[in-house]
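Residue numbers (the working numbering): 1 to 477.
Printed below as a string of structure tokens:
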């Protein structure tokens, strides 16, 4: 709900949000103070456990991650954080400048590795750069645009989801529970069901059970009467009133306060509600769709979710499998996002090279369809020619699944000179690649083995630094 009491009809994060994971509270506060003067909202976590709790409960656009934390190595959190929030940009901060840690951080998905100085301005400057990129992306993203968020796929699993949605649309008052991991497209399915039920006429109102303070949830759901509390200068509709004959979408209902769960249960059973400050019932005309990425049956066992509400919500469940379990959907989704972003960015249609599609299909997608969408968006922006190639894909797609924390790069005898103050991470990386190619007599497969990385990853880095192996040089003669 915004300041004038109106309901947002679709979720938006208007303020850029940063999580600072730093055990030195004064240093974290100094960063926060600088960022907040630039209208950036900040949270501070002083250890790894607190950081992971916050990542699980809020969306962050950027995460500043200290290398040394009291209860864990900051670098070890990167994979878990990106699994929960694949859109977040991670910047690792450290008081200890080591090439090994920098390389490992970037391998695991961090964007940058910054040394903490007395002044926090270099860190602030980096965050402002990330925010500027975010604003540019948001202008072309079209989150609410039906052309981007559509229900697509050829797998048996997604066809089963489509069939259940079609049947649910025939019963406009039936409560539907949509389950699945973060990023699988629960809101996309909810909007698809809404369109099948109401066409383009009904209102779709989203209530984010994670982001809304528990003290405001009741007013946001049910509305309030004039004079119900200080500041209630006029009667306002809540989500149920705003939706009318449309849909109320309760996103991440597993996070709802257990006291409010009882009131929601009464609404679902009686099909009526009361505004805050009123004793008069109002008829519910909207369908209720709830979603969660949690196991509600487990929450029931823990006493954190009402069994009777769980039973009521489970009248018509729809589970969306993760993308890794329906890889046959990846080609059609990839092409759809390619076409969408090419059109949105006013670019000519681009082609996905076959080896790119092979890599996309083999990746596990901890962030599911949302992560695939972001990968394709980035690739379309980076690709200047008519095709998307492997050099346009994020580094994390090339990591070996069996050991993402491999330190083989530092166990082999590849020790080029490093000159502090002169060499950067990029120049040192280029030296290591050239040294490996020299030791491997130009064999890129052998050089990749020496470096402890995949051949695809080596080729991508060679393209970045415009390195031609000795074998290729001989062929050109």
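Glycine included, each C-beta is placed from N, C-alpha and C at the ideal position.
Extent of the continuous beta strand (DSSP E) run through residue 42: Bounds of the beta strand (DSSP E) holding residue 42 are 41-45.
For the region 172-190 against the region 326-344, do three or more pairs of beta-carbon atoms, one drawn from each stretch, fall closer than 8 Å, so that the two count as touching? no
Runs of alpha helix (DSSP H) lying entirely within the region 254-303, each at least 4 residues, in chain order: 258-270, 296-301
Can you tell me whether residue 17 is helix, strand or coil according to DSSP? strand
With a 10 Å radius around its C-beta and 16 neighbouring C-beta atoms as the bar for buried, classify residue 222 as buried or exposed. So residue 222 ends up on the buried side.
Beta-carbon contacts of residue 241 that lie in its chain and below 6 Å, excluding the five residues immediately before and after: 223
Report all residues from its chain with a CB closer than 7 Å to the CB of residue 369; omit the five preceding and five following residues, and keep chain order. 183, 184, 185, 323, 333
Just grab the DSSP bridge partners of residue 72 for me. 69
Mind checking whether residue 62 and residue 127 have CB atoms under 7 Å apart? yes
Closest to residue 234 by C-alpha separation, out of 219, 247, 441, would be which residue? 219
Beta carbon of residue 279: closer than 6 Å to some heavy atom of the ligand MG? Ligands in the displayed structure: none, and consequently the ligand MG is not present.
If residue 480 sits next to residue 275, beta carbons under 8 Å apart, how far is it from one beta carbon to the other, in whole angstroms? Because the chain is modelled from 1 through 477, residue 480 falls outside the range shown and cannot be assessed.
Are residue 65 and residue 56 closer than 7 Å when you measure CB to CB? The Cβ atoms of residue 65 and residue 56 lie no closer than 7 Å to each other.
Which class does residue 113 belong to by DSSP, given the choice of helix, strand or coil? strand
Are the region 425-439 and the region 348-362 in contact at 8 Å, needing three or more beta carbon pairs? no
Under the three-state reduction of DSSP, which class applies to residue 233: helix, strand or coil? Residue 233 falls in the coil class under three-state DSSP.
Whose C-beta lies closer than 7 Å to the C-beta of residue 84 among residues of the same chain, with five residues either side of it excluded? 55, 56, 182
Check for me: the alpha helix (DSSP H) holding residue 120 runs from which residue to which? Run containing residue 120: none; DSSP gives neither H nor E here.
Helix, strand or coil for residue 320, going by three-state DSSP, please let me know. The answer is coil: DSSP assigns residue 320 none of H, G, I, E or B.
Apart from the five residues just before and just after residue 168, which ones in its own chain have a Cβ nearer than 7 Å to its Cβ? 174, 176, 193, 316
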